[in-house]
Amino acid sequence: MTAAPQYSVPSDDSLPLHDLGASQAELEKAVKAVHTGLAGQGARRGRIWALGVLDSVGSLTGAFERHAAMSESALENLLEIAPQLGHVAVQLEDEHEKIIITLEECLCRLRREPSAPETEWVNELRVQLIEALHALANHREREECFVYDTFESETGGGD
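Here the numbering used here is used: position 32 in the sequence shown is 32, and no number is missing along the way.
The following block contains the structure:
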């Protein structure tokens, strides 16, 4: 049985992994709230559904904005360890921006009166929000891979 590699993590606050963990927990809670809201009977209750989803999407947007700010700071520190992963950091930062824009667009649509029959409007919003959640899940996976690859690079692990 092979022992798990031991990674050296800076002991100072330059890499706020604890803060990122708290940020991730906040994001997970907000994502669950959006999922719960999406499962509601929106097609039959249109505006009432939208108002309920509005709160959860607002919470998710705020949580993701805080996550983006913290992780971009951490990305800079991680690039000192593995500068060859700079292209991945740029992609992650671009994803932050795109996901925030999408969530803000959803918030705007949820605040406005339906621009189509309510059933169609609700379905369009659901699709947009599900796509945003999918993008967020993919982004989270890429961030985790980036952190892993950074420490693999530092320890000389991998191929």
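Beta carbons: idealized from backbone N, C-alpha and C, even for Gly.
- The alpha-carbon of Gly46 is positioned some 52 Å away from that of Glu154.
- Assignment of Glu152 by DSSP, reduced to helix, strand and coil, places it in the helix class.
- DSSP places Gln91 in the uninterrupted alpha helix (DSSP H) bounded by 86 to 111.
- For Phe151, the closest C-alpha among the options Val34, Ala25, Leu75, Ala22 is that of Leu75.
- In the structure shown, Pro114 adopts coil according to DSSP, grouped into three states.
- Residues Leu75, Leu78, Leu85, Val88, Ala89, Leu92 of the same chain have their beta carbon placed closer than 8 Å to that of Phe146, with the five preceding and five following residues left out of the count.
- Here Val57 is near Cys106, since their CB atoms are less than 7 Å apart.
- For the pair Ala22 and Ala132, the Cα-to-Cα distance works out to about 21 Å.
- Sequence-distant Cβ neighbours of His139 in its own chain, meaning closer than 6 Å and more than five residues away, are Glu95.
- Residue state for Ala82 is assigned as coil, using DSSP reduced to three classes.
- Between Leu103 and Thr61, the C-beta gap is smaller than 7 Å, which places the two residues in contact.
- One Cα belongs to Thr119, the other to Arg142, and the distance between them is close to 35 Å.
- The C-alpha of Ile130 is placed about 17 Å away from the C-alpha of Glu97.
- Listed in chain order, the non-local C-beta contacts of Ala68 below 6 Å within the same chain comprise His96, local neighbours out to five positions each way being set aside.
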